[in-house]
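Using full-length UniProt numbering, you'd call the opening residue of the sequence shown number 1 and step up by one each time. Don't be surprised by glycine CBs; every beta carbon is placed ideally from N, CA and C. Bear in mind that the values here come from a model prediction, so they are computed numbers and not experimental data. A quick write-up on the structure given underneath.
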Amino acid sequence: MDMLDTTSTVAVSLYTLLSTAYKSMQAVYSLPTDVSLASQGLDGFDELPSVDVIVPSFNEDPRTLSECLASIAGQEYGGRLQVYLVDDGSENREALRPVHEAFARDPRFNILLLPQNVGKRKAQIAAIRRSAGDMVLNVDSDTILASDVIRKLVPKMQDPAVGAAMGQLTARNRNDSWLTRLIDMEYWLACNEERAAQARFGAVMCCCGPCAIYRRSALASLLDQYESQYFRGKPSDFGEDRHLTILMLKAGFRTEYVPSAIAATVVPNKLGPYLRQQLRWARSTYRDTLLGLRLLPNLNRFLTLDVVGQNLGPLLLALSVLTGLAQLALTGTVPWLAALMIVAMTMIHCSVVALRARQLRFLGFSLHAFINIFLLLPLKAYALCTLSNSDWLSRSSAGNSNQHPATDAHTTECSGHATAPRRLNPARDPAARTKSDCMCSDE
């Protein structure tokens, strides 16, 4: 039994040391700096770059989709703006038709109707290959953009070395439940601690899908790799934002974070959908970890600590919890040291964040520790054991999530220039072509 006590003490001590070093450096590097291209506005451009907004949609609620598109239509941006809404074979397309028709009257909007569900990644690619703007902004169909998002993101792209940048995410339905409030705080931490610190070194490891802008020239060179991601011989169709970001870094581009570009996205309001989402994200993170490790020798040393802290930290925490529970069950002895150190670390972190954000609500984020220890840690272990599973879990047509478009498929397009939908020639339609399967060694 002494072995259990020793193991628990060592594990929680190592966790405390690692977490303290990691979180302290992260807090320092995430502090805002005065030197920022984003603060210079759009004056640095001789001509404002054109922006194509890509919105993949599958079985979206009509009202939610309409609000998303309205927020894009209301962008305060003086450059050329084109919007490509890609309906990825939605089963509720008839209910969505009024939304499609309403926005098709706007000459900036193009509505692409895929005949069957091919997955978010291929829906994105269908629109990217059809568009031609200098920048490509990916937006999730349940996300509302602040009116100045594009105006805030584009200046960050003045530097040709920057391949991608993301905005700050908030929970659009924050007030729905206790869970959505916790997730909103989780998003704040992920953006304003993790991404902000990574951005100090031009290496944001995941430009999140709800609001991320890409330089077309960089994106075009990576599109084939992005489309043909495989894991253990099977197409990998989720985690597209993280994988594309890693490909950008691998190609030598910088990836950035713009905290003033605010995007509000719908988050799960019940525990079941939240855990399914976290399982999908955990698998995606593990799949791209190896590729990320290969980048570290060329990046700042803090980013090595960042990767170690995010991957080894949960392992040490899980080990200390498991040995502590075993000690309690077998000897009836409470592992006070491990418990007190975990509680102390949680409260210190939440207090520092509450002080920095000037919001007392972050003291309540300590409740997330229970979710993390008793639900997320076991879930991450399960994800590691089931890496080959590529189900989206949240899709009603999960079986089609990795399906390739048929060779004789066509895409229907509606635009502000057309009075009715028209069929496109499959030979010219990027969404209608089936690329030959090729093995990608990104993992």
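Scanning the stretch 239-294 for uninterrupted beta strand (DSSP E) segments of 3 residues or longer gives 254-265, listed from N- to C-terminal end. By the CB criterion at 9 Å, GLY202 and THR255 fall inside the cutoff. PRO32 is bridged by DSSP to nothing; it lacks a bridge partner.
Taken through DSSP and simplified to helix, strand or coil, PHE103 comes out as helix.
Spanning the alpha carbons of PRO335 and MET3 requires a straight line of approximately 13 Å. Note on the stretch 195-240: whole alpha helix (DSSP H) runs with a minimum of 4 residues are 196-199 and 216-227, in chain order.
With a contact defined as Cβ atoms closer than 8 Å, LEU363 and CYS350 qualify at about 5 Å. Out of ILE342, ASP140, LEU293 and SER221, the CA that lies nearest to the CA of ILE54 is found in ASP140.
Distance from the CA atom of LEU112 to the CA atom of ALA354, rounded to whole angstroms, is 44 Å. Taking C-beta separations shorter than 6 Å and ignoring five residues to either side along the sequence, the partners of HIS243 in its chain run GLN229 and ASP288, following chain order. Sixteen is the threshold: since fewer than 16 other Cβ atoms of the shown chains lie within 10 Å of the Cβ of MET347, the residue is exposed. Where VAL334 is concerned, there is no enclosing beta strand (DSSP E), because DSSP gives it neither an H nor an E. ASN110 sits away from ASP88, with the two beta carbons spaced by 9 Å or more.
Residues LEU69 and PHE109 of the same chain have their beta carbon placed closer than 6 Å to that of PHE103, with the five preceding and five following residues left out of the count.
In the structure shown, LEU42 falls within a coil segment according to DSSP collapsed to helix, strand and coil. Minimum Cα-Cα distance from ARG151 among the listed residues SER260, THR33 and ALA196 corresponds to SER260.
DSSP links MET166 through a beta bridge to ALA212 and TYR257. When LYS122, ASP241 and ALA218 are compared, the shortest CA-CA separation from ALA251 is found for ALA218. Under the DSSP definition of a beta bridge, THR143 partners with THR265. For LEU137, the beta-bridge partners assigned by DSSP are VAL53 and ILE213. The beta carbons of LEU153 and VAL258 sit closer together than 9 Å. Judged by DSSP in its simplified three-state form, GLN82 adopts strand.
Residues of the same chain with a CB within less than 6 Å of the CB of VAL267, apart from the 5 flanking positions on each side, are ALA171, THR180 and ILE183 in chain order. Take TYR15, set aside five residues on each side of it, and the residues of its chain with a beta-carbon closer than 7 Å to its own are GLY313, LEU316, LEU317 and SER320, in chain order. Relative to the Cα of ASP52, the nearest Cα in the group LEU367, GLY272 and ILE72 belongs to ILE72. Beyond the five residues adjoining it in sequence on each side, PHE365 comes within less than 8 Å, by CB distance, of LEU182, MET185, GLU186, LEU189, CYS350 and VAL353 in the same chain, given in chain order. Counting along the chain, no alpha helix (DSSP H) covers VAL154, and no H or E run does either.
Under the 10 Å beta carbon count, GLU194 is surrounded by 16 or more other beta carbons and is classified as buried.
An exposed status is given to ASP224, since fewer than 16 other beta-carbon atoms sit within 10 Å of its beta-carbon.
Looking from the CA of GLY239, the closest CA among PRO273, LEU222, LEU249 and TRP281 belongs to TRP281. Under a 10 Å Cβ-count criterion, PRO56 is classified as buried, with 16 or more other Cβ atoms of the shown protein chains found around its own Cβ. The Cβ-Cβ distance between VAL204 and THR265 does not fall below 9 Å.
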